[in-house]
Amino acid sequence: MTAASSVHADGGAALIDGKAMAASMTAGIREQVEHLVEQGHELPGLAVVLVGNDPASEVYVKNKAIQTHRAGMKSFMQMMPESTSQEELLALIEELNANPKVDGILVQLPLPPQIDAAAVTNAIHPDKDVDGLGEVNTGRLALGMENGIVPCTPLGCLKLLQSVHEDMTGMHAVVIGASNLVGKPMAQLLLRANCTVTVAHIHTRNIEALAREADILVVATGKAGLVKGSWIKPGATVIDVGITRVQTPEGKSRLVGDVVFEEASQMAGHITPVPGGVGPMTIACLLHNTFQAASRRRASSEG
Numbered sequence: 002m003t004a005a006s007s008v009h010a011d012g013g014a015a016l017i018d019g020k021a022m023a024a025s026m027t028a029g030i031r032e033q034v035e036h037l038v039e040q041g042h043e044l045p046g047l048a049v050v051l052v053g054n055d056p057a058s059e060v061y062v063k064n065k066a067i068q069t070h071r072a073g074m075k076s077f078m079q080m081m082p083e084s085t086s087q088e089e090l091l092a093l094i095e096e097l098n099a100n101p102k103v104d105g106i107l108v109q110l111p112l113p114p115q116i117d118a119a120a121v122t123n124a125i126h127p128d129k130d131v132d133g134l135g136e137v138n139t140g141r142l143a144l145g146m147e148n149g150i151v152p153c154t155p156l157g158c159l160k161l162l163q164s165v166h167e168d169m170t171g172m173h174a175v176v177i178g179a180s181n182l183v184g185k186p187m188a189q190l191l192l193r194a195n196c197t198v199t200v201a202h203i204h205t206r207n208i209e210a211l212a213r214e215a216d217i218l219v220v221a222t223g224k225a226g227l228v229k230g231s232w233i234k235p236g237a238t239v240i241d242v243g244i245t246r247v248q249t250p251e252g253k254s255r256l257v258g259d260v261v262f263e264e265a266s267q268m269a270g271h272i273t274p275v276p277g278g279v280g281p282m283t284i285a286c287l288l289h290n291t292f293q294a295a296s297r298r299r300a301s302s303e304g
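Numbering (our numbering), first residue to last: 2 to 304.
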């Protein structure tokens, strides 16, 4: 299956359709879940914890619950007030770690200021850390171990790239953004795919020239419209992780990425749209990680 299924209307880059690829992945996971149940196992379960009432986070959490059910798995929603203490949240995570019906645990970020996000992330059992952000899974990825859980967004980006490039050996991949959430694990995955990897960040000099050398350009900065068309090497594959809501001159709002799509699509060979690119694949990879965690737990209990 290829995700690059359509061409830009102005004759530019082929679009990498993350929405279609995510739907296909979710359908495949549902089939695997049904097979698991036929073997006499319980449905996999994903617990999502939301602290506070941030509107954007509420939308994300509800969408994750919908997609979890679509994949045939159980969704356990845990809503906690803004005033929740770190001790209360850690106590809940301890309960979820011990709950045999829960195969994956995700704590929606950001958390209120009184809570240490790193402490919470690392309290999740590594085998249930389906976001892949805890120290154990981060270390497994860095060491090239195959038994770790990979963060959802970088994993989604990799799958989108693999839909275009069967073999990325020797390709120059530039990652703009060095966050623990996307940039660093993305670089590790590209290294694993035998790319030559450069990571750029806020202090990188001559970043435009560096970007123009990239066969693969992954942009994850959260800065809307940072990367212009002039930054793109002709024929490059561009993965735009950013998503920002901006106001139009007409007073309406729209979602844009870190890349100026209209310009970049005239230079790139393949490009992800925003929305409809990386976002759907992030959730699909969360479901993938949850199913894999469930399968490993059931296999270990049988062994």
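For every residue, glycine included, the Cβ atom is placed at its ideal position computed from N, Cα and C. Keep in mind that this is a model prediction, so the values were computed, not measured.
Backbone CA spacing between residue i and residue j [nearest angstrom]
i	j	result
E95	A295	18 Å
A119	G135	8 Å
K229	A15	18 Å
A23	M282	5 Å
G184	E214	18 Å
Q293	L44	12 Å
T3	V108	Its pLDDT being 48, under 50, T3 is placed unreliably in this model, and the coordinates cannot settle the point.
V275	H42	38 Å
A10	E263	Annotation note: pLDDT 36 at A10 (below 50); position unreliable, no value reported.
K102	E88	23 Å
A221	P186	12 Å
K308	D168	This structure gives no information on residue 308, because the portion of the chain shown stretches from 2 to 304.
N148	A194	17 Å
M80	N98	17 Å
V121	L112	10 Å
N64	L110	15 Å
P127	V137	6 Å
G46	E209	44 Å
Contacts around residue i, its chain only, beta-carbon distance under 7 Å, and the 5 residues preceding and following it disregarded
i	result
Q189	L142 and A143
Q68	T27, I284 and L288
A265	V228, G230, I233, V239 and I272
A72	T27, I30, R31, V34 and L288
V257	A225, G226, T245, V247 and V275
Enclosing beta strand (DSSP E) for residue i [first to last residue]
i	result
V137	Segment E136 to A143 is the alpha helix (DSSP H) holding V137; no beta strand (DSSP E) there.
G105	G105 to V108
M26	Unbroken run through M26 is the alpha helix (DSSP H), G19 to E39; no beta strand (DSSP E).
A201	T197 to A201
G46	G46 to V52
A174	H173 to I177
T238	T238 to D241
8 Å Cβ cutoff met for residue i and residue j
i	j	result
G252	A225	no
E280	G19	What sits at residue 280 in the sequence shown is Gly, not Glu. In contact: G280 and G19 (Cβ atoms closer than 8 Å).
L182	T154	yes
V260	L211	no
M74	V49	no
L51	E39	no
L192	V198	yes
M146	I217	no
D132	P114	no
G223	H202	no
L161	A124	no
Cβ-based neighbour list, residue i, same chain, cut-off 8 Å, excluding 5 preceding and 5 following
i	result
T249	R255
DSSP state of residue i mapped onto helix, strand, coil
i	result
R228	The sequence as given places Val at residue 228; Arg does not occur at that position. Looking at V228 - three-state DSSP - the assignment turns out to be strand.
Q248	strand
K75	strand
I208	helix
T222	coil
T283	helix
L16	strand
V131	coil
T3	Per-residue confidence for T3 stands at a pLDDT of 48, beneath the threshold of 50, marking its modelled position as unreliable; the derived number appears in the next sentence. Looking at T3 - three-state DSSP - the assignment turns out to be coil, as it is neither helix nor strand.
I67	helix
V8	With a pLDDT of 48 at V8, under the threshold of 50, the predicted position of this residue should be treated as unreliable, and no value is reported.
V260	strand
M146	coil
Below-8 Å beta-carbon distance, residue i vs any chain D residue
i	result
G184	Here there is only one protein chain, and chain D is not present.
Residues near residue i in its chain [Cβ-Cβ closer than 6 Å; skip 5 each side]
i	result
L159	L190
A269	A14, I233, A237 and V239
V8	Residue placement at V8 cannot be trusted, given a pLDDT of 48 that sits under 50; what the coordinates show is reported in the next sentence. So the qualifying residues of the chain are A15.
Boundaries (first-last residue) of the alpha helix (DSSP H) holding residue i
i	result
R255	Per DSSP, R255 belongs to no alpha helix (DSSP H); it is in the beta strand (DSSP E), S254 to V257.
A99	Q87 to A99
P155	C153 to V165
A269	Careful: A269 lies outside any alpha helix (DSSP H) and carries neither H nor E.
V183	Counting along the chain, V183 falls outside any alpha helix (DSSP H), and DSSP gives it neither H nor E.
V121	A118 to A124
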